[in-house]
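**Q** Numbering (the working numbering), first residue to last: 54 to 224.
Below is the structure I would like to discuss, written out as structure tokens.
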């Protein structure tokens, strides 16, 4: 059983804030560009639909061996939300692992926000004794591959649903 809960994570420019249902109204426009969903799938959601999703996430995983940790990415100087981070954390005895994902809205891309957020998340996970961090990235998504590399993950030869597994193992 894992009981890890998201906490505010601060980096140089960002605050990674634990996701709240109330973030849906600001996040709906951030995630509204259809091109943003080219690699992650799905389509833009209304604030109401996003709110329902965030309510499910706030309830936590129905599997007691998993913890769902979700954050919004706040660019502090602009006082606006720019994206999201997720970590699904599993524990097998004393070995914890996390699968992570990130999304940054189109207007805020190419500014290093995803990289800084992912690096902050990986550092936080390591502080909480998570030994393995993975991400699954579409082979054509060069920007996400660059983010994963900057966060210390490397590609493996494993695939899932058309995506390459990237991994960082510590300890």
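Glycine is no exception: its CB is placed at the ideal position from the N, C-alpha and C atoms.
All figures in this text were calculated on a predicted structure; none of them were measured in a lab.
Give, in chain order, every unbroken run of the beta strand (DSSP E) that is at least 3 residues long and sits entirely within the segment 62-120.
**A** The qualifying runs are 67-71.
**Q** What separation, rounded to the nearest whole angstrom, lies between the Cα atoms of residue 86 and residue 161?
**A** As a position in the chain shown, residue 86 is number 33, starting the count at 1. As a position in the chain shown, residue 161 is number 108, starting the count at 1. If I take the Cα positions, the gap works out to 12 Å.
**Q** List the DSSP bridge partners of residue 216.
**A** Looking up residue 216 in the chain shown gives position 163. 213, per the DSSP bridge assignment.
**Q** Residue 177 lies in the alpha helix (DSSP H); which residues open and close that run?
**A** If you number the chain shown from 1, residue 177 lands on position 124. Looking at the DSSP string, the run of the alpha helix (DSSP H) that includes residue 177 is 166-180.
**Q** DSSP on residue 225, reduced to helix/strand/coil?
**A** The shown model of the chain, from 54 to 224, leaves out residue 225, and the question about it has no answer.
**Q** Going by DSSP, what residues sit across from residue 136 in a beta bridge?
**A** By 1-based counting over the chain shown, the position of residue 136 is 83. According to DSSP, which records beta bridges pairwise, residue 136 is partnered with 126 and 157.
**Q** Rounded to the nearest angstrom, what separates residue 115 and residue 143 at their Cα positions?
**A** Within the chain shown, the letter at position 62 stands for residue 115. Within the chain shown, the letter at position 90 stands for residue 143. Rounded to whole angstroms, residue 115 to residue 143 spans 13 Å at the Cα level.
**Q** Out of curiosity, what's the CA-to-CA distance linking residue 67 and residue 164?
**A** Sequence index remark: in the chain shown, residue 67 carries index 14 (1-based). Sequence index remark: in the chain shown, residue 164 carries index 111 (1-based). Each residue's alpha carbon lies about 12 Å from the other.
**Q** Just verifying my parser: in three-state terms, what is the DSSP assignment at residue 141?
**A** Translated into positions along the chain shown, residue 141 becomes position 88. Residue 141: strand per DSSP, three-state reduction.
**Q** Roughly how many angstroms lie between the CA atoms of residue 190 and residue 169, to the nearest whole one?
**A** The residue given as residue 190 occupies position 137 in the chain shown. The residue given as residue 169 occupies position 116 in the chain shown. Their backbone Cα atoms lie some 18 Å apart in a straight line.
**Q** Given residue 54, which residues of its chain have a CB within under 8 Å of its CB, disregarding the five upstream and five downstream residues?
**A** Locating residue 54 in the chain shown gives position 1, where the first residue counts as 1. Note that residue 54 scores a pLDDT of 49, beneath 50, so its modelled location is shaky and nothing firm can be said.
**Q** Does the segment 129-143 touch the segment 99-108, meaning 3 or more C-beta pairs lie closer than 8 Å?
**A** Verdict: no, contact absent.
**Q** Distance, Cα to Cα, residue 184 vs residue 120?
**A** Here the question's residue 184 lines up with position 131 in the chain shown. Here the question's residue 120 lines up with position 67 in the chain shown. About 15 Å.
**Q** Just the C-alpha distance for residue 78 and residue 176, rounded to the nearest angstrom, thanks.
**A** For the purposes of this step, residue 78 is taken as residue 25 along the chain shown, with counting starting at 1. For the purposes of this step, residue 176 is taken as residue 123 along the chain shown, with counting starting at 1. If I take the Cα positions, the gap works out to 29 Å.
**Q** Taking its Cβ as the centre, do 16 or more other Cβ atoms sit within 10 Å of residue 60, making it buried, or is it exposed?
**A** Taking the chain shown and counting its residues from 1, the one referred to as residue 60 is at position 7. The residue in question, residue 60, is exposed, as its Cβ has fewer than 16 Cβ neighbours within 10 Å.
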